[in-house]
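Q:
Numbering (this note's numbering), first residue to last: 6 to 226.
1. Name the DSSP beta bridge partners of residue 38, please?
2. Taking all protein chains shown into account, do 16 or more other C-beta atoms lie within 10 angstroms of the C-beta of residue 151, making it buried, or fewer, making it exposed?
3. Quick one, which of 70, 101, 55 and 76 has its alpha-carbon nearest residue 128's?
4. Can you check which of these residues, 14, 139 and 184, is closest to residue 61 by C-alpha distance?
5. Between residue 115 and residue 49, is the Cβ-Cβ spacing less than 9 Å?
6. Using only the alpha-carbon positions, how far apart do residue 157 and residue 175 sit?
7. Taking residue 140 as the reference, which of 53, 168, 39 and 154 has the closest Cα?
8. Out of 120, 89 and 101, state which residue places its alpha-carbon closest to the alpha-carbon of residue 34.
9. Is the beta carbon of residue 165 sitting closer than 9 Å to the one on residue 106?
10. Is the beta carbon of residue 36 closer than 9 Å to that of residue 4?
11. Hey, how far is the Cα of residue 72 from the Cα of residue 167?
12. Out of 85, 97 and 63, which one is the CA nearest neighbour of residue 170?
13. Helix, strand or coil for residue 68? Go by DSSP, reduced to three states.
14. Over the uninterrupted beta strand (DSSP E) stretch that includes residue 91, give me the two end residues.
15. Could you tell me if residue 84 is buried or exposed, where buried requires 16 or more neighbouring beta carbons within 10 angstroms of its beta carbon?
16. Apart from the five residues on each side of it in sequence, which residues of its chain come closer than 8 Å, Cβ to Cβ, to residue 112?
17. Are there 16 or more other CB atoms within 10 angstroms of the CB of residue 178, so buried, or fewer, so exposed?
18. So residue 57 and residue 63 are in contact, right, with Cβ under 8 Å, and what is the actual spacing, rounded?
19. When we look at the beta-carbon of residue 131 and count the other beta-carbons within 10 Å, is it buried (16 or more) or exposed?
20. How would you label residue 18, buried or exposed, when you count the other beta carbons within 10 angstroms and need 16 or more for buried?
21. Within the same chain, show all residues whose beta-carbon is closer than 7 Å to that of residue 226, passing over the 5 residues directly before and after it, in chain order.
Shown next, in the form of structure tokens:
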């Protein structure tokens, strides 16, 4: 493994309720087929495919009561060299705090959202390689901040104290934040409703997701 990516742990946040998706489609959105991915892969399958091998460790955070997703991961996680962390959670920030507590890293964490299947592997690699202990790293496409994001180990105590959904804004507002310019619109697109997995969908990331982190300082390719 490249020295630039060693001592980094990738955390995939997949412990949400996905209520807007379930309102119109009775399944977990992580297990929906994406028409815009090769072979119409599952959302979580495509996400993990892009993340596989870019960091020393890869862990997927899942609610303990999500039997459907846990059953799929029980069969497939080993294919991605991924560990599974089951949690009880009151939001995205709380899930991240639990993952950081269970999976410490020497350099930092690459924090990805499980329902963002269109991010390219080369983009993920660039973000992972930019992680430093003092940094927070944010991919930017067409002036908009996206995901996944890098968080250095000097911010571990802040991460451990996160609660609810939006605990990370303060970290990104105060930290040494690096904006990494990427030519990859996938960093802005998540799966929120059933139509988002269709070939014609071009919807960008939902506002509450973009509000999960904040900050500034650019790093050109």
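Even glycine gets a Cβ: it sits at the ideal position worked out from N, Cα and C. Remember, it's a predicted structure, so these values are computed and weren't measured experimentally.
A: Taking the geometry as given:
1. If you number the chain shown from 1, residue 38 lands on position 33. Residue 38 pairs with 47.
2. Locating residue 151 in the chain shown gives position 146, where the first residue counts as 1. Around the beta carbon of residue 151, a 10 Å sphere encloses 16 or more other beta carbons of the protein chains shown; the residue is thus reported as buried.
3. As a first step, residue 128 must be located in the chain shown, where it is residue number 123. Checking every option, the nearest Cα to that of residue 128 belongs to 55.
4. If you number the chain shown from 1, residue 61 lands on position 56. Nearest C-alpha to residue 61: 14.
5. For the purposes of this step, residue 115 is taken as the residue at position 110 of the chain shown. For the purposes of this step, residue 49 is taken as the residue at position 44 of the chain shown. Contact: no.
6. Within the chain shown, residue 157 is the residue found at index 152, counting from 1. Within the chain shown, residue 175 is the residue found at index 170, counting from 1. It is roughly 15 Å from the alpha-carbon of residue 157 to the alpha-carbon of residue 175.
7. Your numbering for residue 140 matches position 135 in the chain shown. The shortest C-alpha separation from residue 140 is found at 154.
8. On the chain shown, position 29 is the one that residue 34 refers to. Here the closest residue by C-alpha is 120.
9. As a position in the chain shown, residue 165 is number 160, starting the count at 1. As a position in the chain shown, residue 106 is number 101, starting the count at 1. With contacts defined by Cβ atoms closer than 9 Å, residue 165 and residue 106 form a contacting pair.
10. The structure shown has nothing for residue 4, since the chain only spans 6 to 226.
11. Counting from 1 along the chain shown, the entry for residue 72 is found at position 67. Counting from 1 along the chain shown, the entry for residue 167 is found at position 162. Residue 72 and residue 167: Cα-Cα distance of roughly 26 Å.
12. The residue you call residue 170 lines up with position 165 of the chain shown. It is 97.
13. One-based indexing of the chain shown puts residue 68 at position 63. Looking at residue 68 - three-state DSSP - the assignment turns out to be strand.
14. Start at 1 with the first residue of the chain shown, and residue 91 comes out as number 86. Where residue 91 is concerned, the enclosing beta strand (DSSP E) stretches over 88 to 92.
15. For the purposes of this step, residue 84 is taken as residue 79 along the chain shown, with counting starting at 1. Its Cβ having fewer than 16 others within 10 Å, residue 84 is exposed.
16. Taking the first residue of the chain shown as position 1, residue 112 is located at position 107. Counting only Cβ-Cβ distances below 8 Å, and skipping sequence neighbours, we find 11, 12, 13, 136, 137, 138, 157 and 158.
17. Numbered from its first residue, the chain shown carries residue 178 at position 173. Exposed, since its Cβ has fewer than 16 Cβ neighbours within 10 Å.
18. For the purposes of this step, residue 57 is identified with residue 52 of the chain shown, where counting begins at 1. For the purposes of this step, residue 63 is identified with residue 58 of the chain shown, where counting begins at 1. Confirmed, about 7 Å.
19. For this step, residue 131 is matched to residue 126 along the chain shown. Counting Cβ neighbours within 10 Å, residue 131 comes out buried, since at least 16 surround it.
20. Taking the chain shown and counting its residues from 1, one reaches residue 18 at position 13. Buried, since its Cβ has 16 or more Cβ neighbours within 10 Å.
21. By 1-based counting over the chain shown, the position of residue 226 is 221. Low local confidence applies: a pLDDT of 41 at residue 226 is under 50, so the model's placement there is unreliable, and no value is given.
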